[in-house]
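Chemist:
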Amino acid sequence: MIRFGYPAQNFTLPATTNRTLRLASLGDVEKLRALVWENMLGVESIVRWNAEKGADLFRIGHTLIPFASHPLFPYDWVEEHGDDLRELGALARALGVRLSMHPGQFINPGSPNGETARRSLEELRYVTRVFDLLGNEDAVVVLHLGGAFDDKPAAISRFVEALEPERGMLRYLALENDERIWTIEEICTASNRLGIPAVLDAFHHSINPGNLSLAEALDLALPTWEGRGVRPKVHLSSQDPTKRPGAHAHSIEKEDWAAFLDALGGRETDVMVEAKGKELALPALMASLV
Numbered sequence: 005m006i007r008f009g010y011p012a013q014n015f016t017l018p019a020t021t022n023r024t025l026r027l028a029s030l031g032d033v034e035k036l037r038a039l040v041w042e043n044m045l046g047v048e049s050i051v052r053w054n055a056e057k058g059a060d061l062f063r064i065g066h067t068l069i070p071f072a073s074h075p076l077f078p079y080d081w082v083e084e085h086g087d088d089l090r091e092l093g094a095l096a097r098a099l100g101v102r103l104s105m106h107p108g109q110f111i112n113p114g115s116p117n118g119e120t121a122r123r124s125l126e127e128l129r130y131v132t133r134v135f136d137l138l139g140n141e142d143a144v145v146v147l148h149l150g151g152a153f154d155d156k157p158a159a160i161s162r163f164v165e166a167l168e169p170e171r172g173m174l175r176y177l178a179l180e181n182d183e184r185i186w187t188i189e190e191i192c193t194a195s196n197r198l199g200i201p202a203v204l205d206a207f208h209h210s211i212n213p214g215n216l217s218l219a220e221a222l223d224l225a226l227p228t229w230e231g232r233g234v235r236p237k238v239h240l241s242s243q244d245p246t247k248r249p250g251a252h253a254h255s256i257e258k259e260d261w262a263a264f265l266d267a268l269g270g271r272e273t274d275v276m277v278e279a280k281g282k283e284l285a286l287p288a289l290m291a292s293l294v
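Per our numbering, the very first residue in the sequence shown carries number 5; after that it's consecutive.
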């Protein structure tokens, strides 16, 4: 069985979980509280919509609580929003919707720049606290490995050393391959050292495949989830033919979906559909499996 989801917002409702503001406006506490409340309401409405429509996954926007990890954040967000997060997590569990988050590309705990690494860990601690409050055991926080800095083995070692002490964080983390630097083989090297799963992004793999076919990449990535005891998770998107290589299309091309199904070979997995059309890209995929 394949389950589907999409990230951050829903065009049909419409609703979003990614409202934010400029850092210069962080001192406007009432505006900040209102944005967080709107994001929380977005999670609730999307989770309910997903359960009704058979979309079993949803990725919450990483700016759910904008700048929560910043030292200038003006109030205790756990005290203020903790009960709301607990209620959202209980709702998602009751309705069978799996939650995840994908912190931004600026997160790089393995950076050789100490300040960048420190800020990255602070952001990941915020995300970890969010998921601790949500209380969903199958939740996933997907992370890229970051820059290679002309020395991939050293970059992996820094990344692993930075995260090894963060045991609470590692309960949620999974690493994803990218389209420019890190292949799924290299990602699995790092994830195995940390004892966490690997998320195969099939579109990224098509651009940066290393030495593996898509089927071989799935063979490598899917078993990394066995130690966590939850369903594997993969990402799927298609190339927008009008934009630069790596830009996501509005929907999933039939050829890409057919190739993915062939490589998957009937195995169970959760598919995060990273199409620009969000939930609008799901019905065609779901219908193809009936």
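In this text, a Cβ means the ideal position worked out from N, Cα and C, and glycines have one as well.
Is it buried or exposed, residue 237, if we count other Cβ atoms within 10 angstroms and call 16 or more buried?
Modeler: Translated into positions along the sequence shown, residue 237 becomes position 233. When all chains shown are included, residue 237 counts as buried.
Chemist: Nearest-angstrom Cα distance between residue 221 and residue 252?
Modeler: Sequence index remark: in the sequence shown, residue 221 carries index 217 (1-based). Sequence index remark: in the sequence shown, residue 252 carries index 248 (1-based). Computed Cα separation, rounded: 21 Å.
Chemist: Would you grab the beta carbon distance between residue 63 and residue 274 for me? Rounded to a whole angstrom, and I think it's under 8 Å.
Modeler: For the purposes of this step, residue 63 is taken as the residue at position 59 of the sequence shown. For the purposes of this step, residue 274 is taken as the residue at position 270 of the sequence shown. About 11 Å; that fails the 8 Å criterion.
Chemist: Taking just the CA atoms, how far does residue 262 sit from residue 240?
Modeler: Reading the sequence shown from its first residue, position 236 is the one you call residue 240. Reading the sequence shown from its first residue, position 258 is the one you call residue 262. Answer to the nearest angstrom: the Cα atoms are 12 Å apart.
Chemist: Taking just the CA atoms, how far does residue 87 sit from residue 211?
Modeler: Taking the first residue of the sequence shown as position 1, residue 211 is located at position 207. Taking the first residue of the sequence shown as position 1, residue 87 is located at position 83. C-alpha separation (whole angstroms): 43 Å.
Chemist: Look at the alpha carbon of residue 293 and the alpha carbon of residue 155, and state the distance between them as a whole number of angstroms.
Modeler: Position 289 of the sequence shown, counted from the start, is the residue given in the question as residue 293. Position 151 of the sequence shown, counted from the start, is the residue given in the question as residue 155. Rounded to whole angstroms, residue 293 to residue 155 spans 43 Å at the Cα level.
Chemist: Among the residues of its own chain, which have a CB less than 8 Å from the CB of residue 182, if the five just before and after it don't count?
Modeler: Walking along the sequence shown from the start, residue 182 turns up at place 178. Cβ within range, chain order: 148, 149, 205, 208, 212.
Chemist: With contact counted as at least three CB pairs below 8 Å, one residue from each stretch, are the region 130 to 143 and the region 170 to 190 in contact?
Modeler: A contact exists between the region 130 to 143 and the region 170 to 190.
Chemist: Under three-state DSSP, which class holds residue 256?
Modeler: The sequence position of residue 256 within the sequence shown is 252, counting from 1. Residue state, collapsed to three classes: coil.
Chemist: Based on the DSSP secondary-structure assignment, which residues constitute the bridge partners of residue 11?
Modeler: Along the sequence shown, read from residue 1 onward, the residue named residue 11 stands at position 7. Residue 11 is bridged to 63.
Chemist: Name the two residues that bound the continuous beta strand (DSSP E) containing residue 202.
Modeler: Residue numbering aside, residue 202 sits at position 198 when the sequence shown is read from its first letter. Residue 202 -> beta strand (DSSP E) spans 202 to 205.
Chemist: Hey, how far is the Cα of residue 188 from the Cα of residue 104?
Modeler: Start at 1 with the first residue of the sequence shown, and residue 188 comes out as number 184. Start at 1 with the first residue of the sequence shown, and residue 104 comes out as number 100. Going by the C-alpha atoms only, they are around 20 Å apart.
Chemist: Quick test of your reading: residue 284 and residue 15, contact by CB under 8 Å. State the CB separation rounded to the nearest angstrom.
Modeler: As a first step, residue 284 is located in the sequence shown; it is residue number 280 there, counting from the start. As a first step, residue 15 is located in the sequence shown; it is residue number 11 there, counting from the start. At roughly 6 Å, the Cβ-Cβ gap stays under 8 Å, so residue 284 and residue 15 are in contact.
Chemist: Looking at C-alpha atoms only, which residue of 230, 65, 246, 90 is the closest neighbour of residue 201?
Modeler: Numbered from its first residue, the sequence shown carries residue 201 at position 197. The shortest C-alpha separation from residue 201 is found at 230.
Chemist: Can you give me the C-alpha to C-alpha distance between residue 199 and residue 249, rounded to a whole angstrom?
Modeler: Residue mapping note: residue 199 aligns to position 195 of the sequence shown, counting from 1. Residue mapping note: residue 249 aligns to position 245 of the sequence shown, counting from 1. Residue 199 and residue 249: Cα-Cα distance of roughly 32 Å.
Chemist: I need the straight-line Cα distance from residue 214 to residue 99, nearest angstrom please.
Modeler: On the sequence shown, position 210 is the one that residue 214 refers to. On the sequence shown, position 95 is the one that residue 99 refers to. So the two alpha carbons sit approximately 39 Å from each other.
Chemist: Closer than 8 Å by C-beta to residue 140: which residues in its own chain qualify, once you throw out the five before and the five after it? Chain order, please.
Modeler: By 1-based counting over the sequence shown, the position of residue 140 is 136. If we look at residue 140 and ignore the five residues flanking it on each side, its Cβ neighbours are 93, 96, 97, 102, 103.
Chemist: When DSSP labels each residue in this structure, what does residue 5 get in the three-state scheme?
Modeler: Against the sequence shown, residue 5 aligns to sequence position 1. Note: residue 5 maps to coil in three-state DSSP.
Chemist: Nearest CA to the CA of residue 20: which residue from 65, 32, 192, 38?
Modeler: Along the sequence shown, one-based indexing puts residue 20 at 16. Checked all of 65, 32, 192, 38; the closest Cα to residue 20 is 65.
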